[in-house]
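Single-structure report; data block below.
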Amino acid sequence: MKRLLLIVTLLGASLDFSAGDELPWNVPRVGHKLTFPADHGSHPDFKIEWWYLTGHLYDGDRRFGFQATFFRLGQKPVDVAPGDAFGESQIYMAHMGLSDPETGQFIHEERLNRGGWDAGAEVGNLDVFNGDWKLKQAGNGMQLVGSIKSEAGFDLKLLPHKTHVIFGEEGISRKGPEGTAASYYITFPRLDVDGTLTLGGKTFEVYGEAWMDHEISSSQLDRNQVGWDWACLQFFDGREIMGYVLRTDSGEPSEYSKLVWIDPVGELTHQKLGEYRWIHEGDWESPTNGAVYPITPIIETIDPESGIKRRFQLVPTMPNQEMANGTGGVSYWEGACDVIDLNSGNAVGRAFLEMTGYADNIAEKLR
Amino acid sequence: MGASDSNSERPAAIGRLLWSRIIWRHWRREPRLTFVLVGILALGVAVFLAVRLANKAAVSGFGMFTESIAGESDFILRPRAGTLQVEVLRQLRDEAGAVPVGIFPVLEVSAALSERPENGLLKLLGADLVALQNAGTYAGGGTSVSGDSAGGDDSILGLPDRGFVGAAFAKRFGMEKDEQLSVIVNDQIIDFTIAGVVPEDPNRPAVPDNLVLMDLPGLQKLSGLEGQLTRVELRIAPGTQAEQNRQRIGAAMWDLAAAHGWVLETPEDRKSSVTQMSAAFRLNLTILSGLALLVGIYLIMQAMEAAVVKRRAEIAVLRSLGVTPAQIRAAWLWEGLILGVVGAIAGIILGRLMAVGLVVAISRTVNTLYYETTTSAVTLETGEMAFSLVFGIVASLTAALIPAREASLTAPAQSMRQGGQGGGLALLRNWPLGLLLLVAGIAFAFVPPRVLASGSIVPVGGYVAAVVLVLSASLLIGLLFRPLASLLGRGKRDAMRHYAASQLRRPEGRHRLTAAGLAVAIGMSAAMAILVASFESTLTGWIQQLLKADIYVAAAGSNSVTNENTLSAVTWQELEKMEGIAGMDKLRRYKVSIGDNDFFLGGADYNDDPERFLQLMWLNPPKVKGPNSLEVRETEPFPGWISESLARRFSLEVGSEIPLPTPDGTKRIEVTGIFAEYGNETGTLVIARNLTRDWFQDDRVSNMAVYADPGADIDALLEQIREAFPGVVARSNENLKAESIRIFHQTFAVTYALEAIAVIIAVAGLGLALAGLLLERRGELTTLKSLGATRADIARASMWEGIALAGAGLVGGYLLSFLLGWILIFVINPQSFGWTLSYRVPWLSFIGLAIITLITAGAVAWAVGHRNANLPGEREE
Amino acid sequence: MIALQVSKVTKSYDKDPVLRGVSFSLEAGERAALMGPSGSGKSTLLNCIGGIDRPDEGEITIQGRSLKGMDENELCQIRRSMVSTVFQFFHLLPTLTAAENIEFPLQLSGMEEKERRELLPSLIEEVGLSHRSHAMPHELSGGEMQRVAIARALSIRPKLILADEPTGNLDSATGEIILDLLEELSERHGIAMLLVTHSPGVTRICDRTLEMQDGVLVDQSTAVV
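Protein chains in written order, with the numbering used here: chain A, 7 to 373; chain B, 10 to 886; chain C, 622 to 846.
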């Protein structure tokens, strides 16, 4: 979800190509039937779209967390004309991160390009690229090619372990009171991964599990929302949770905050605030900007299967997974975690946690 | 004595003693002399450093955008001729595969300010402003290009009339964000808006003050170069695997470049191959800048020699007290060393200040003659500082060497009798050696030049010859004293003049050194003057011959060889149709590279009327005469004419073939004629314009020579053209000639200044030498006074001595200059520039310089005499 | 005729009195030895008389012309025409030949070349140096140098010659010859001479001896011949 804010901030601070608010952008419509695989592709008539992948990779004893996100920000509701090397209708941003708890190394890189010769997203088919970074359909699954500076590179095959789900009521996910503040939110909650990872000149044959969001919208957040906490939990029992809390400037979480249980065959159980709680725990102070992140939050939720209250604590594989001071001065925390069931004390799954709006500078920029 | 174990202790102790008791006290006793010596050394070092710094700053930014905006690239890919198509970008990305590399396409277009064309060319630099945001990644930090454009504005992406400028630009033109600028691009005037000012960032070079950063597609639209790129810069992301990635990318790109006939180079390659072009010019400047220090060496040697003579009695006493010759020598060398350190430090500070002024002058020349450069702020690096320090110290030590030896040769028992033979450096009296050096110097001039691996030619023989001749002049200068003394002594009426003459008849080492210093200063300056005069007369002749048309039309900014502005086909066709125009010669100029060497390709469309055939100055005229000789062939090899410098750079002669890279593939050109060209030293190949038009798919022209109908009113026609085409520059024949000469003089402005400094130092040194001599002759002055000589009499004697010394320096210097000039014009110049010049001596300037030098020297010497006449006599009680 | 009149001359250097009221006079052709220990003020007195230095108080009159109130140029004129000096270290101009040294004062006073040419041989001959007239000073012996100096002093036909240890730098035999020469020339031309000396032998040719101590004359005895 979320990165819209990041993009707006970033572009506002640099080149002002966030023009086009008054243009006739498409908006998510109730009851609209998405068609696949076409809708895994790009939707240039919507203003904002992203393809977001997180996952956990293993090679023997080594464990890595990775994140790869491709954003599209429309300037005009049309795609870049074929052959236009320096398009002006679409801007593409991308972000990749890799954590290596064994060495404590966390590396990341971000990229900004105009739609054209070096960045783009195909309509009607999953094929997104930004420089040498690529995400595209491959067989029954997809392929992710990425790199982080001259440090890491990866080429991963991702096969859906179960089919994709679509969050929200009647196919749209609401983020605020305005009708347009909504998105099509398509998720592959569990993908089997295998491929190669090179890091610091070493090559690892890796396997693991990943999560993929594909979100399409034209407007999402309210002005009073200052940040959010988001997480996807993948349990060893084959179920997943996607949950988030939108934080407002009043200090109260927004009523549009949400938590969804996904069962092994993709059945969804939606929960509203109250039905679940997000408890901030474990302050970690960023050495870069002094922001304090609650990096071991506890999620209280009713297990739809058993009906009993579960308490899950997210424990990062390493504390510093902050994407600090990116373009536009934006910082956020995005990292791999283990899921501990506080009732039993056992590790019951893996998660990716994202926290924004904790660094002072982002709060400033949001106003 | 003899106990060897104490030897290790004592020298140092004695050294300290000598220093604290002897040298330091002398300096304290003569603060003014010490100050002047330090000052001379400082000025010498300062001039040298200033020229080096300014040279560097003046050619620092020649257009590598990433250097000033986003840091330095790893590779640069550019076409050998014409432009690259944007399609290559995808090809590059595919070739790079999974290797993370930033690919930054660049389009560069020159432009001129329509209201202030005298400010030189602007450089419009098109880069992808979005992708540029990633530069921070490659620089390893978070760099943002545009800083202050938050809020309010619309996107500038793709806009052809908006761009960012650097803080230096904003300051230079007094412009702010959102202000408008009237700019000429090609032949169009457009109103340009400043979208923002790129703030200074201490972590990267300043954005040049003539650079406008635009969104690439916007600039493509503006310049009519849709889909075209000047070059592509590649940057490897930082990280532990960066070197590996660099090698992989380098290998992949090299293959690609080779397959397509592109040039792949690193910024260092580019910089060196580009700056190579002006290397000779800058070398000349550097050599000239060393002149002041060279003259300074003579003066310091002279002053130290004076100190030796003056302190000889003291040294004799020291010697008789057991101080060894080595210790005496060491003390003198220490003196030179300390003088050198202090002088060099002062010189570094002064030089840093002087450099600021010099940058402007040098960059103007480089811009005019060689390539477009943008100056950067003068920065004083540790390396340069160290170099100057060493240079100053070496100079000072060199100067101290001979006096130190002199001092150490003092015998302990030497008579302290006054009026004995003053030191008088034996070497300087060795005139047979001088003659030998003279012959050797002339012989060296005939040694063939050395061709470096880079292909540049260094006239080693010529430089060695010059140095040897300068030395020879220093040794031979003494021969002038006797005849000069006779001349001076002929006026028997004036006792003081007679007395002055007698001093010259028995010259001391200092006389020789002073005159030698002056001779070197005058000699080298006059040699440069000969070069300039020869250049000027040749150039004037060339211009007279070349400029035969009535009116010259070019795109704005045509003063510089780097101007890329062109006139569209519509413009020149309309112009051609104008009333009163009988015909036009048209030239389209491109920059082309063969190997690592850039040169100019001219597509010439000479007027078809043989009567008005553009007269080139031929060195090897083509056998087929007339304007059509370029177009007679339908098939390869096509005929082409080359300039003398191109012939030299590529070792070409009539009949040679040139593999000319073009967007249409490599074409074979046969050299059918060689012409003289003094406008640039890069070299030019001229072929028929219909060929370039086809190969480059381009019907634009760079400039035109317009012939009016017989009897037409040229001024009216000129007015008409200017009115109809406000974006072009139209000049009358006279105007262009005058402008050419003006630019020529501007080019040499720096050399004039450097020469003046050397001569001023030399004359100041003359004053210093006389002051020393008079101080030493205090006893004589007392005698003179006791004989009834007045203060004015003594001042007059000093004046005559000064004039005679200056005369010796002048005569020696001019004789030297004829030889040096000969070497410059017939050896160094043709070898390093490839220009044939005719030898011309600027007699009038020579006479003027002589008169000024004699008057100044006389005045300085008179003042010195007048001052010293009042020194208290030695009390011998 | 009084050649030199010194009255109540005082002179201090840095408040250190060197001459404390010196008075004496010399008749034309009279020769006086000025003796006294080092630092007694002999040379200062000589410099004052020669116009190189100026007394703080008192008056010096040469051939009836008072030096008091004269400017530098007028003092130079006096030295060019009336007073010559002979030095212990000869003080020849090292770059001029013997003859040129002798000729120099004549040039300085503006004498025409023709006239100088006529005068010069006799001057050289008078000091017995005709055979050495083209030698450079450093080629001459001490005695020869002093002869040149004497000839140079004589050249302007002075009324007064000041001699500062004229034999001080010569061996005794040569010194005697030089003294004889001085005496002879003084007699022949009627030139007053003031000879500063340490050596009692010099008094041989003097009419009287002036003894100086701490800046005053203590004894003005007549020479015993």
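All C-beta atoms in this analysis are idealised placements derived from N, C-alpha and C, irrespective of residue type, glycine included.
Pro638 of chain C has a beta carbon lying at 8 Å or more from every beta carbon in chain B. Lys629 of chain C counts as exposed, since fewer than 16 other beta carbons sit within 10 angstroms of its beta carbon. Residues Ala158, Gly159, Phe160 and Phe210 of the same chain have their beta carbon placed closer than 8 Å to that of Thr204 of chain A, with the five preceding and five following residues left out of the count. The alpha carbon of Asp219 of chain A has as its nearest neighbour, out of A:Phe77, A:Pro50 and A:Tyr64, the alpha carbon of A:Phe77. Contact between Ser292 of chain A and Ser337 of chain A holds, since their C-beta atoms are separated by about 7 Å, short of 8 Å. Between Arg652 of chain C and Pro726 of chain C, the CB-CB gap reaches or exceeds 8 Å. For Pro668 of chain B, the uninterrupted beta strand (DSSP E) segment begins and ends at Glu666 to Thr671.
Contact annotation for Ser511 of chain B against chain C: Leu714, Thr716, Leu717 and Glu721 [CB-CB distance below 8 Å, chain order].
For Ile699 of chain C against Leu688 of chain C, the beta-carbon gap comes to about 7 Å, under 8 Å, which counts as contact.
Taken in chain order, the whole beta strand (DSSP E) runs of length 3 or more contained in the segment 634-707 of chain C are 637-648, 652-656, 678-683 and 704-707. Close partners of Thr799 of chain B in chain C (Cβ separation under 7 Å): Glu693, Asn694 and Cys697. Boundaries around Thr862 of chain B are those of the alpha helix (DSSP H), Trp852 to Asn877, since no beta strand (DSSP E) includes it. Rounded to whole angstroms, Asp289 of chain A and Glu115 of chain A show a C-alpha spacing of 25 Å. Look at the segment 838-861 of chain B: it has no residue with a C-beta under 8 Å from a C-beta of chain A. The three-state reading of DSSP puts Phe684 of chain B in strand, counting E and B together. Of the residues C:Gly822, C:Lys632 and C:Gln834, the one whose Cα lies closest to the Cα of Thr795 of chain C is C:Gly822. For Gly788 of chain B, the nearest beta carbon of chain C is closer than 8 Å to its own beta carbon. Nearest to Asp198 of chain A by C-alpha distance, out of A:Ala188, A:Gly206, A:Val171 and A:Leu162, is A:Leu162. Trp844 of chain B sits close to Glu653 of chain B, with the two beta carbons spaced by under 8 Å. If you check the CB distance, Ile826 of chain C and Leu800 of chain C come in under 8 Å. Taking every protein chain shown into account, the CB of Gln728 of chain C has 16 or more other CB atoms within 10 angstroms, so this residue is buried. Leaving aside the five residues that flank Ser664 of chain C on each side, none in its chain has a CB nearer than 6 Å to its CB. Chain order gives no chain C residues near Ala315 of chain B, where near means a beta carbon separation below 7 Å; the closest approach is about 16 Å.
In the structure shown, the three-state DSSP call for Ala613 of chain B is strand.
Among the residues facing chain B, Ser156 of chain A is included, as its CB has a counterpart in that chain under 8 Å away. Across the structure, Gly106 of chain B and Lys140 of chain A are spaced so that their CA atoms are roughly 11 Å apart. As DSSP reads the structure, Cys343 of chain A sits in a beta bridge with A:Pro322 and A:Ala357. Unbroken alpha helix (DSSP H) runs of no fewer than 4 residues, entirely contained in the segment 203-249 of chain B, are found at 225-232, following chain order. At least one C-beta of chain B is nearer than 8 Å to the C-beta of Glu94 of chain A. The criterion of a C-beta distance shorter than 8 Å is not satisfied by Ile834 of chain B and Gly471 of chain B. Residues Trp440, Gly443, Leu444, Leu447 and Gly821 of the same chain have their beta carbon placed closer than 8 Å to that of Leu485 of chain B, with the five preceding and five following residues left out of the count. The Cβ atoms of Leu116 of chain B and Gln229 of chain B lie closer than 8 Å to each other. For Cys238 of chain A, the beta-bridge partners assigned by DSSP are A:Met248 and A:Phe358. Within the segment 743-821 of chain C, the runs of alpha helix (DSSP H) at least 4 residues long that lie entirely inside it are, in chain order, 763-776 and 793-810. Interface with chain A (8 Å Cβ-Cβ cutoff): Gln554 of chain B is excluded. Under the criterion of beta carbons closer than 8 Å, Pro646 of chain B and Ile678 of chain B qualify as touching, at roughly 6 Å.
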